[in-house]
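Presented below is the structure to which this report refers.
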Amino acid sequence: MKIPSITRPLALALALLAATPALANKAFVSNERGNTITVVDTDTWEVITEFPGGNRPRGITLSPDGTKLYVCASDDNLVRVFDTETYEELGTLPSGPDPELFIIEPSGKRLYIANEDDNLVTVTDTEKGVILAEVPVGVEPEGMGMSPDAKWVVNTSETTNMAHFIDTSDYTIKHNVLVDQRPRYAQYTADGKRLFVSSEIGGTVSVMDIAPDGAPTLVTKIGFEVPGVLPEWLQPVGVKVTEDGNRIFVALGPANRVAVIDGESLEVLDYIIVGQRVWQLAFTPDEKYLLTTNGNSNDITVIDVEAEKAIKSVQVGQQPWGVVVTPN
Amino acid sequence: MRYVLMPLLAACLAVLGATGALALDVRAAVLRVDYETLLPISRYDLRAEDLGFAGAMLADEDNGTTGRFLGHTYETIHKATDPEGAEAALDEILAEGITLIVVLARDADVLRLADRAAEAGALVLNAQAPGVALRDDQCRANLLHVAPSNGMMADAVAQFAVWKQWKRWFLVSGSNPADVELAEAYRKAARKFGARITDEKTFEDTGGARRTDSGHVMVQRQLPVFTQGAEAHDLLIAADATDYFARYLGYHHWSPRPVMGSAGLWPTTFHAAHEAWGATQFQTRFEALAGRYVKPADYNVWLALRVVGEAVTRASTVDAMGIRDYALSDDFELAAFKGQKVTFRNWNGQLRQPILLHDGMITVSVSPQDGFLHRVSPLDTLGLDRPESSCSAFN
Numbered sequence: 039m040k041i042p043s044i045t046r047p048l049a050l051a052l053a054l055l056a057a058t059p060a061l062a063n064k065a066f067v068s069n070e071r072g073n074t075i076t077v078v079d080t081d082t083w084e085v086i087t088e089f090p091g092g093n094r095p096r097g098i099t100l101s102p103d104g105t106k107l108y109v110c111a112s113d114d115n116l117v118r119v120f121d122t123e124t125y126e127e128l129g130t131l132p133s134g135p136d137p138e139l140f141i142i143e144p145s146g147k148r149l150y151i152a153n154e155d156d157n158l159v160t161v162t163d164t165e166k167g168v169i170l171a172e173v174p175v176g177v178e179p180e181g182m183g184m185s186p187d188a189k190w191v192v193n194t195s196e197t198t199n200m201a202h203f204i205d206t207s208d209y210t211i212k213h214n215v216l217v218d219q220r221p222r223y224a225q226y227t228a229d230g231k232r233l234f235v236s237s238e239i240g241g242t243v244s245v246m247d248i249a250p251d252g253a254p255t256l257v258t259k260i261g262f263e264v265p266g267v268l269p270e271w272l273q274p275v276g277v278k279v280t281e282d283g284n285r286i287f288v289a290l291g292p293a294n295r296v297a298v299i300d301g302e303s304l305e306v307l308d309y310i311i312v313g314q315r316v317w318q319l320a321f322t323p324d325e326k327y328l329l330t331t332n333g334n335s336n337d338i339t340v341i342d343v344e345a346e347k348a349i350k351s352v353q354v355g356q357q358p359w360g361v362v363v364t365p366n
Numbered sequence: 097m098r099y100v101l102m103p104l105l106a107a108c109l110a111v112l113g114a115t116g117a118l119a120l121d122v123r124a125a126v127l128r129v130d131y132e133t134l135l136p137i138s139r140y141d142l143r144a145e146d147l148g149f150a151g152a153m154l155a156d157e158d159n160g161t162t163g164r165f166l167g168h169t170y171e172t173i174h175k176a177t178d179p180e181g182a183e184a185a186l187d188e189i190l191a192e193g194i195t196l197i198v199v200l201a202r203d204a205d206v207l208r209l210a211d212r213a214a215e216a217g218a219l220v221l222n223a224q225a226p227g228v229a230l231r232d233d234q235c236r237a238n239l240l241h242v243a244p245s246n247g248m249m250a251d252a253v254a255q256f257a258v259w260k261q262w263k264r265w266f267l268v269s270g271s272n273p274a275d276v277e278l279a280e281a282y283r284k285a286a287r288k289f290g291a292r293i294t295d296e297k298t299f300e301d302t303g304g305a306r307r308t309d310s311g312h313v314m315v316q317r318q319l320p321v322f323t324q325g326a327e328a329h330d331l332l333i334a335a336d337a338t339d340y341f342a343r344y345l346g347y348h349h350w351s352p353r354p355v356m357g358s359a360g361l362w363p364t365t366f367h368a369a370h371e372a373w374g375a376t377q378f379q380t381r382f383e384a385l386a387g388r389y390v391k392p393a394d395y396n397v398w399l400a401l402r403v404v405g406e407a408v409t410r411a412s413t414v415d416a417m418g419i420r421d422y423a424l425s426d427d428f429e430l431a432a433f434k435g436q437k438v439t440f441r442n443w444n445g446q447l448r449q450p451i452l453l454h455d456g457m458i459t460v461s462v463s464p465q466d467g468f469l470h471r472v473s474p475l476d477t478l479g480l481d482r483p484e485s486s487c488s489a490f491n
């Protein structure tokens with residue numbers, strides 16, 4: 039077919055536009071027992087590949103541009119860096135001992151790493167590969183959340199039962215908030231005005247209001263109740279909030295459910311049945327899907343966010359722990 | 097859809113500035129009574145010099161790390177004594193003004209020491225004695241039990257056996273008073289959960305060499321004969337609280353049936369291979385500190401002092417009775433690497449807790465088992481229940 043020369047660039051542009059939505063994202067899943075990373079195509083939900091991720095890979099995140107994958111290799115006592123296209127290991131970063139979970143700042147320059155065995159949060163420069171600071175926190179640091187303005191990092195310590203608010207300008211703790219037993223995860227809303235902290239053994243999610251200066255005020259705790267499930271098994275772990283703040287999703291561990299919470303009323307609206315021992319959560323960039331890692335059934339569940347329904351499960355490696363999806 | 101929203105009356109109190117909290121210095125003691133005993137059957141059970149004390153050191157570290165953010169410090173002194181010196185050792189602790197005392201001792205000594213401590217207004221946390229009476233008609237208002245009772249242990253085994261449909265038991269018990277008491281706990285557990293003791297035998301403790309060069313030869317000849325002719329059973333339950341024969345039963349008894357109770361698959365509060373629910377972190381911390389694997393006594397002492405630490409953190413008090421009252425209140429809950437919170441039975445001072453079933457290598461199962469329900473908590477299916485208890489010291 040002959041295309042008039044003048045329209046050719048337009049046709050090309052249209053073709054490119056049409057191609058964009060088809061450019062699938064990739065989900066990376068860390069498999070704690072299998073020592074591997076599973077790569078899943080978020081369009082077809084097929085497993086693309088599985089590659090070695092170091093010993094006991096748990097926390098997993100990406101550089102802001104999506105080119106580098108960072109993995110807490112807990113038993114190697116370091117962070118492994120992988121190329122998200124070739125899956126080759128690019129190098130390692132010092133993390134302090136037993137890194138479990140970490141958070142990367144929006145610039146991608148610093149990683150804040152929870153050192154489970156040493157009661158520390160280690161701050162690592164991702165470009166120079168050096169440790170910038172070690173912040174002493176409570177016993178068994180785990181959850182790591184960051185305020186959207188990157189001024190605060192919140193670490194939760196599982197045996198101390200506190201959320202520690204670390205000022206990222208001087209690496210000192212400015213606030214400590216006692217929460218319920220075994221706090222696992224900290225998640226800010228996109229506007230930075232709210233913080234959610236899950237307590238696995240306490241069975242609650244603490245809700246804090248965050249003042250403009252970053253100071254927290256505990257306002258309430260969300261509890262859970264599912265008919266036919268012993269309350270002891272409703273153990274909140276991973277938490278994610280939609281960009282608009284309307285929905286909060288909470289993984290409930292051995293209850294094999296994800297709770298759907300109204301962001302306004304803080305009422306639990308529904309419980310979505312997923313795989314066994316649901317642990318961490320990640321949205322696709324368009325927030326169409328929420329992925330859950332299910333440690334005991336060795337799969338991830340794909341939740342349709344709008345429908346609030348589980349639509350698919352994908353087998354991954356042994357004991358999936360964390361999940362992250364590449365940005366658009 | 098149901099939801100629960102818990103209003104927080106003291107929300108503002110819970111937000112602690114880095115400097116705003118009240119400074120508190122928490123002093124506690126571990127009093128360990130060492131008894132003359134024969135060597136254990138297995139070298140794996142040799143007593144460490146710092147048994148129990150190592151758990152206290154870890155608890156001080158854990159509590160102290162939390163305390164740093166609140167201005168609270170923790171110091172625990174350790175005392176080991178023979179039974180005759182127990183009272184004097186307690187007096188020394190009390191003379192230092194310490195009123196939070198973890199005791200590792202047998203039932204009668206725990207009672208004696210608790211009564212003496214009561215005169216000084218001190219709280220005793222029992223980290224070892226398993227007797228049911230201490231939780232029943234002999235209970236004391238100043239005595240909390242972190243260690244599980246024989247009843248809880250036996251019920252944990254019974255639930256697993258019944259879940260497996262292994263309901264016909266051959267009970268082989270020892271002849272020492274502690275063995276007799278443990279055997280009674282298994283009889284009661286069988287009645288409670290619908291198992292049947294089809295046969296019973298007592299293995300007399302006649303003394304003699306437990307571990308000699310030719311010991312296994314004798315055992316291999318004696319035990320099949322001893323266990324021969326028992327009524328049909330699914331399971332052999334061993335009640336050997338004094339560790340003199342149960343470990344030999346496996347593979348040496350007449351029937352090809354599993355052994356549970358004091359050997360084979362046994363109930364425990366904790367063991368060094370337990371990894372679930374974040375326990376790996378406890379294990380690595382303990383091993384780095386003590387240079388050995390954790391024993392139940394270490395865990396029990398750690399847990400007792402964590403109860404104290406949690407009460408101090410939440411209730412901001414170092415008063416022994418204030419700590420007791422908080423621990424017994426509905427507000428108290430504690431994570432203990434057992435998959436669910438542990439709390440106290442406020443009617444007899446016993447800590448509710450899951451019981452691990454251990455084969456010497458791994459956690460085989462954890463009781464309470466699925467399907468055993470209770471109107472208060474599934475954990476209350478283990479051990480003495482409120483309606484059966486004659487304890488009135490907590491009313």
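So the protein sequences, as listed, match chains A and B.
Heads up: the first sequence begins at 39 in the numbering used here, then just goes up one per residue.
Heads up: the second sequence begins at 97 in the numbering used here, then just goes up one per residue.
Glycine included, each C-beta is placed from N, C-alpha and C at the ideal position.
| Item | Value |
| --- | --- |
| If you follow the beta strand (DSSP E) that D79(A) is part of, which residue opens it and which one closes it? | T74 to D79 |
| Can you check whether the C-beta of R285(A) is within less than 8 angstroms of a C-beta belonging to chain B? | no |
| Does the Cβ-Cβ distance between V173(A) and L149(A) come in under 8 angstroms? | no |
| Please look up how many angstroms separate the CB atoms of R420(B) and L230(B), rounded, as I've assumed it's under 8 angstroms. | Wrong, their Cβ atoms sit about 16 angstroms apart, outside the cutoff. |
| In chain order, what residues of the same chain lie with their CB nearer than 8 angstroms to the CB of S425(B), ignoring the 5 residues before and after it? | N442 |
| Of all the options N238(B), A237(B) and E300(B), which has the alpha carbon lying nearest to the alpha carbon of V268(B)? | E300(B) |
| Let's see if you can read the secondary structure: which residues bound the alpha helix (DSSP H) around F378(B)? | A375 to A386 |
| Tell me whether G418(B) sits in a helix, a strand or coil according to DSSP, three-state version. | helix |
| Measuring alpha carbon to alpha carbon, tell me which of N238(B), A328(B) and I333(B) ends up nearest N491(B). | N238(B) |
| Just the Cα atoms here: how many angstroms apart are T195(B) and V242(B)? | 17 angstroms |
| What would DSSP say about L509(B), mapped onto helix, strand or coil? | Any question about residue 509(B) goes unanswered here, given that chain B covers just 97 to 491. |
| Just to check my reading of the structure: W265(B) and L331(B) have Cβ atoms closer than 8 angstroms, yes? What is that Cβ distance to the nearest angstrom? | 5 angstroms |
| Using a Cβ-Cβ cut-off of 8 angstroms, state whether E371(B) counts as contacting chain A. | no |
| Under 7 angstroms Cβ-Cβ, which residues of chain B neighbour D155(A)? | Q377, T380 and R381 |
| Please list, in chain order, the residues of the region 148 to 179 of chain A that have any C-beta partner in chain B closer than 9 angstroms. | E154, D155, N157, P174, V175, G176, V177 and E178 |
| Could you check if A60(A) is buried or exposed, using at least 16 other CB atoms within 10 Å of its CB as the buried criterion? | Confidence at A60(A) is low in this model, with a pLDDT of 46, below 50, so its placement is unreliable and the value that follows should be read with caution. With fewer than 16 Cβ atoms within 10 Å of its Cβ, A60(A) is classed as exposed. |
| Taking the CB atoms as reference points, tell me whether P483(B) and E270(A) lie closer together than 8 angstroms. | no |
| If we require 4 or more residues per run, which alpha helix (DSSP H) segments fall completely within the region 308 to 364 of chain B? | 311 to 323 and 342 to 345 |
| Restricting to Cα atoms, I'd like to know which of D337(A), V175(A), D218(A) and A320(A) is closest to L166(B). | V175(A) |
| Within 10 angstroms of the Cβ of M249(B), are there 16 or more other Cβ atoms? Answer buried if so, exposed if not. | buried |
| Note down, in chain order, all residues in the region 147 to 160 of chain B with a beta-carbon under 9 angstroms from any beta-carbon belonging to chain A. | E157, D158 and N159 |
| Do T258(A) and L304(A) have their C-beta atoms closer together than 8 angstroms? | yes |
| In the DSSP output, which residue or residues are listed as bridge partners for W190(A)? | D205(A) |
| Suppose the cutoff is 6 angstroms on Cβ atoms and the five residues either side in sequence are ignored; what does the same chain contact list for T364(B) look like? | P392, L452 and H454 |
| Leaving out the 5 sequence neighbours to the left and right, which residues in its chain are closer than 6 angstroms to A372(B) when beta-carbon positions are compared? | none |
| Would you identify the three-state DSSP class for T164(A), choosing helix, strand or coil? | coil |
| What separation, rounded to the nearest whole angstrom, lies between the Cα atoms of T364(A) and A320(A)? | 10 angstroms |
| So, are the CB atoms of F289(B) and A254(B) less than 8 angstroms apart? | yes |
| In chain A, which residues lie less than 7 angstroms from F468(B) when you measure between Cβ atoms? | None at all; the shortest Cβ gap to chain A is about 11 angstroms. |
| Scan the region 178 to 198 of chain A for residues whose Cβ lies nearer than 9 angstroms to a Cβ of chain B and list them as they occur along the chain. | E178, E180, S195, E196, T197 and T198 |
| Look up E132(B) in the DSSP assignment and say whether it is helix, strand or coil. | coil |
| With burial defined as no fewer than 16 other Cβ atoms inside 10 Å of the residue's Cβ, what is the status of A111(A): buried or exposed? | buried |
| Name, in chain order, the residues that DSSP records as bridge partners for A373(A). | The structure shown does not extend to residue 373(A), since chain A spans only 39 to 366, so no value can be given for it. |
| With distance defined between alpha-carbon atoms, name the residue in R118(A), P265(A), V85(A) and R232(A) nearest to R94(A). | R118(A) |
| Considering only their Cβ atoms, is the gap separating G247(B) from K284(B) smaller than 8 angstroms? | yes |
| Using CA coordinates, which residue listed in G325(B), V198(B) and H367(B) is at the minimum distance from Y140(B)? | H367(B) |
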